[in-house]
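Everything in the sequence shown is counted per my numbering, starting at 2 for the first residue and increasing by one.
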Amino acid sequence: MNVTFLLFIVLVFAAVMLLVWGLYVGWHTHRSPEAERVARRLQGIIGGEVRQSEVTIVKERRLSESPDLDRLLRRLPGTRKLDRMLVQSGARYLVLRLVALCAGGFVLGLVVSAWLQLPGLAMLAVAALLACLPVWNLTRVRDARLARFERQLPEALDMMSRAMRAGHAFPTALKLVADEMSAPLGEEFKTAFDEVNFGVAMGDALNNLAQRVPSMDLQYFVVAVLIQRETGGNLTELLTSISAIIRDRHKLQGQVRVLSAEGRMSAWVLCLLPFGAGAMMYSTNPEAMHVFVADPGGRRMLLTAAGMMLFGVLAIRKLVRLRV
Numbered sequence: 002m003n004v005t006f007l008l009f010i011v012l013v014f015a016a017v018m019l020l021v022w023g024l025y026v027g028w029h030t031h032r033s034p035e036a037e038r039v040a041r042r043l044q045g046i047i048g049g050e051v052r053q054s055e056v057t058i059v060k061e062r063r064l065s066e067s068p069d070l071d072r073l074l075r076r077l078p079g080t081r082k083l084d085r086m087l088v089q090s091g092a093r094y095l096v097l098r099l100v101a102l103c104a105g106g107f108v109l110g111l112v113v114s115a116w117l118q119l120p121g122l123a124m125l126a127v128a129a130l131l132a133c134l135p136v137w138n139l140t141r142v143r144d145a146r147l148a149r150f151e152r153q154l155p156e157a158l159d160m161m162s163r164a165m166r167a168g169h170a171f172p173t174a175l176k177l178v179a180d181e182m183s184a185p186l187g188e189e190f191k192t193a194f195d196e197v198n199f200g201v202a203m204g205d206a207l208n209n210l211a212q213r214v215p216s217m218d219l220q221y222f223v224v225a226v227l228i229q230r231e232t233g234g235n236l237t238e239l240l241t242s243i244s245a246i247i248r249d250r251h252k253l254q255g256q257v258r259v260l261s262a263e264g265r266m267s268a269w270v271l272c273l274l275p276f277g278a279g280a281m282m283y284s285t286n287p288e289a290m291h292v293f294v295a296d297p298g299g300r301r302m303l304l305t306a307a308g309m310m311l312f313g314v315l316a317i318r319k320l321v322r323l324r325v
């Protein structure tokens with residue numbers, strides 16, 4: 002396929018999408034359901050009649066700033082999971098931006114593959130890889146944020162225990178942690194405290210906190226607090242014991258990481274060695290590597306080697322990844 006023709010198609014597609022978006026924004030400003038609802042409310046205020054259902058505000062995360070796109074995204078499978086990942090990673094943008102980044106990566110992969118004159122299957126593989134990069138980066142950010150949260154949690158529990166031992170109530174201790182601790186734990190505890198101030202039950206606020214932060218240590222804390230609120234008991238001693246258990250668990254996890262470092266390093270070497278050897282062979286003898294791409298038997302050998310390498314990586318990952 003001609004690269005110039007492909008770039009022309011991509012530019013025409015982008016221009017048409019921008020034109021449609023501009024027309025939609027103009028319509029959305031004057032004739033959208035939101036504009037009509039505002040007009041009805043103004044008419045009701047002028048006439049002295051405002052229905053209660055018109056002014057009710059329901060807290061709900063949106064997938065897009067546009068109501069029409071929000072409804073469209075809610076019908077697509079997997080968008081709720083992406084929204085949950087955005088919440089857990091602490092990202093400040095909506096699902097629409099993430100979907101747009103994935104679509105842009107897919108188009109960029111097709112353009113780059115066509116420019117490199119790759120075969121059709123390789124074009125789809127490169128495009129799919131670039132399309133998955135935003136989700137992979139979001140997963141990496143979420144895991145790093147979760148690790149920071151778990152490192153802060155024992156100190157936060159000790160702080161709450163000392164505050165309650167000094168005579169403060171549990172909501173006050175929650176606010177103290179929210180004010181004193183840094184992100185991400187301080188932000189999440191502040192959100193939980195704000196929900197309680199707005200009238201949400203303490204149990205529901207803690208359950209929402211556990212949904213936003215998928216941490217096993219935090220779930221121990223939430224379950225312990227909920228059971229204590231139902232049955233009674235010394236919450237300060239309970240928080241102290243949970244903090245000690247979490248610290249011991251983190252210490253054991255560190256020892257496991259040290260003991261499994263050799264296996265993880267072997268996995269990295271085995272993963273990168275074929276690519277390094279292939280690059281060296283291509284730099285010294287390109288004709289020999291061209292056989293693996295042009296010949297059907299060579300392509301089958303590459304696919305078989307990739308499958309065996311993937312199986313080996315998964316096996317090593319299973320061996321060195323121990324749950325504590």
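Think of the CB as a built atom: it goes at the ideal place given N, C-alpha and C, for glycine as much as any other residue. Since the model is a prediction, treat every value here as computed from it, not as a measurement.
Requested in this report: Grab the span of the alpha helix (DSSP H) containing R141 for me, first residue to last.
Outcome: According to the DSSP assignment, R141 belongs to the alpha helix (DSSP H) that extends over G121 to R166.
Requested in this report: Give every residue of the same chain whose Cβ lies closer than 7 angstroms to the Cβ of L320, excluding the five residues on either side of it in the sequence, and list them in chain order.
Outcome: Around L320: G264.
Query - Alpha-carbon spacing of V226 relative to S267, whole angstroms - result: 43 angstroms
Requested in this report: Work out the CA separation of A129 and M182 for me, nearest whole Å.
Outcome: 40 angstroms
Query raised in the report: In three-state DSSP terms, what is F107?
Result: helix
**Report entry** Cα-Cα separation, F222 to L154
**Finding:** 9 angstroms
Query raised in the report: Relative to the C-alpha of T241, which residue among L139, P120, R143 and R163 is closest?
Result: R163
Requested in this report: Note down the Cα distance separating T140 from H291, rounded to an integer number of angstroms.
Outcome: Near 36 angstroms, if we compare the C-alpha coordinates of H291 and T140.
Report task. Given a cut-off of 8 angstroms, decide if P275 and M309 are closer than it, judged by their beta-carbon atoms. Result -> M309 places its beta carbon 8 angstroms or farther from that of P275.
Query raised in the report: So, using beta-carbon positions, are V142 and C103 closer together than 8 angstroms?
Result: no
Query raised in the report: Thinking C-beta only, is I247 closer than 8 angstroms to D205?
Result: no
Query - Nearest neighbour of A92, chosen from R76, P185, W116 and A167 [CA to CA] - result: P185
Query raised in the report: What span of residues does the alpha helix (DSSP H) with H291 cover, start to end?
Result: That run of the alpha helix (DSSP H) goes P287 to A295.
Requested in this report: Whole angstroms is fine: what's the gap from G200's alpha carbon to L119's?
Outcome: 59 angstroms
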